[in-house]
Amino acid sequence: MIESLLPPHVRSFDTFEDVPFSSLYPEEAALVRNSVEHRRREFATARHCAHRALAALGVPPAPLLATPRGAPVWPAAVRGSITHATGYRAAVVADASRVAAIGIDAELDRPLPDGVLESIALPLERAQVKRHTALHPGIHWGKLLFSAKECVYKAWFPQTSQELEFEDALIRIDPLAGTFSARLLPPALVSAEPELSVFAGRWTVREGIIVTAIVLDAPPAAHDDRAHGPGLLRAPARSLS
Ligand SMILES: CC(C)(COP(=O)(O)OP(=O)(O)OC[C@H]1O[C@@H](n2cnc3c(N)ncnc32)[C@H](O)[C@@H]1OP(=O)(O)O)[C@@H](O)C(=O)NCCC(=O)NCCS
15 MIESLLPPHV RSFDTFEDVP FSSLYPEEAA LVRNSVEHRR REFATARHCA HRALAALGVP
75 PAPLLATPRG APVWPAAVRG SITHATGYRA AVVADASRVA AIGIDAELDR PLPDGVLESI
135 ALPLERAQVK RHTALHPGIH WGKLLFSAKE CVYKAWFPQT SQELEFEDAL IRIDPLAGTF
195 SARLLPPALV SAEPELSVFA GRWTVREGII VTAIVLDAPP AAHDDRAHGP GLLRAPARSL
255 S
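Mind the numbering: the sequence shown is residues 15 to 255 in my numbering, read in order.
What follows is the structure in structure tokens.
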């Protein structure tokens, strides 16, 4: 499902079925050794998705560990992102010479709990959710807004190692085109690299699940082979999703 949101130069794998916990590398299993069963299942299947996507990119198999904050430690030449929602897991990766940042997020297409919209949405965003809900009532727009914000965070944090509050990004969702934009606001904007101050994303809702994705391409010079040599995608690549 997520592949429909992505450009052709990234690799993805998603699934609605869980894999056995034993499929993890021992170093990965150790990260969730003391977690509850639900967490162990989502972690194992999302790692499986990541390994399938990395294989499609031509990356040799290896454990995918995590930073203390929980972000996956991708190989140096790779950008990527992972998500899981009840019944759905996905991973997206790309060659870092072509892609500067990736964020993906999945959420059940259900209403946000009472009071949450007020705590995550700026006034302009609340008005937008109200408008979209009136005109296109089939989708939980507040949840889609939340997903877009999580998506921005996942694209942002691995590049900056800085936290981002919900009021730090202004999201505009196009209800017909299946796209959204995110613009960072001060004070986050002040500390942002110029290329990390505006993000363009895509969204879809299928099988009762909202999925959002941001793929921020690297500046053209960074994927000019004459300057930097061949990237990972010179290795045999196949799309598995
Ligand atoms: C980390 C966070 C984004 C995860 O989102 P979520 O919707 O709860 O959960 P998802 O299933 O979609 O994603 C979880 C995956 O995100 C990845 N992740 C966790 N922390 C991350 C980080 N700091 N940076 C990038 N990716 C991260 C991990 O791969 C994790 O899965 P894993 O632990 O199995 O490897 C969320 O819990 C959080 O801390 N949000 C607060 C910050 C925020 O969103 N601000 C809004 C800014 S506009």
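No residue lacks a Cβ here, since even glycine has one placed at the ideal position from N, Cα and C.
Out of curiosity, what's the CA-to-CA distance linking residue i and residue j?
i: P234; j: R197; result: 22 Å
i: A169; j: G117; result: 4 Å
i: S175; j: P200; result: 17 Å
i: D188; j: G84; result: 31 Å
i: I223; j: P82; result: 28 Å
i: F35; j: R53; result: 11 Å
i: V225; j: A70; result: 21 Å
i: H62; j: F180; result: 30 Å
i: A141; j: L184; result: 12 Å
i: T59; j: R103; result: 7 Å
i: H242; j: P137; result: Low local confidence applies: a pLDDT of 44 at H242 is under 50, so the model's placement there is unreliable, with the coordinate-based value given in what follows. For H242 and P137, the distance between alpha carbons rounds to 45 Å.
i: V229; j: P40; result: 31 Å
i: L210; j: V204; result: 11 Å
i: P89; j: H150; result: 41 Å
i: S195; j: A148; result: 21 Å
i: F213; j: A43; result: 34 Å
i: I134; j: F171; result: 18 Å
i: E132; j: H146; result: 16 Å
i: T193; j: R186; result: 9 Å
i: D257; j: R93; result: The structure shown has nothing for residue 257, since the chain only spans 15 to 255.
i: S49; j: A202; result: 33 Å
i: S37; j: P22; result: 28 Å
Between residue i and residue j, how many whole angstroms is the CB-CB distance? I'm expecting something under 8 Å.
i: R55; j: F27; result: Contact flag wrong, Cβ pair sits at about 17 Å.
i: L78; j: A64; result: 5 Å
i: A191; j: V113; result: Contact flag wrong, Cβ pair sits at about 22 Å.
i: V24; j: A108; result: 4 Å
i: V156; j: L126; result: One detail in the question is off: residue 156 reads as Gly in this sequence, not Val. Going by Cβ atoms, the distance from G156 to L126 rounds to 4 Å, so yes, they are a contact pair.
Output yes or no for whether 8 Å exceeds the beta carbon distance between residue i and residue j.
i: V166; j: L178; result: yes
i: L20; j: T218; result: no
i: A105; j: I96; result: yes
i: V87; j: A76; result: no
i: M15; j: R220; result: yes
i: Q173; j: A99; result: no
Taking all protein chains shown into account, do 16 or more other C-beta atoms lie within 10 angstroms of the C-beta of residue i, making it buried, or fewer, making it exposed?
i: E121; result: buried
i: D128; result: exposed
i: G152; result: exposed
i: H154; result: buried
i: S161; result: buried
i: V73; result: buried
i: D227; result: Checking the sequence shown, residue 227 turns out to be Ala, not Asp. Answer is buried; the Cβ neighbour count reaches 16.
i: K144; result: exposed
i: F30; result: exposed
i: E139; result: buried
i: R124; result: exposed
i: F51; result: In the sequence as presented, Phe is not what sits at residue 51; that position holds Glu. When all chains shown are included, E51 counts as exposed.
i: E207; result: exposed
Verify the CB distance criterion: does residue i have a CB-CB separation below 8 Å to chain B?
i: S37; result: The displayed structure is made up of one protein chain only, and chain B is not part of it.
What residues sit near ligand 1, counting only those whose C-beta is closer than 5 Å to one of its heavy atoms, in chain order?
F57, A60, R83, G84, A85, P86, I96, T97, H98, D119, K163, E164, V166, Y167, K168, F171, L178, F180, A183
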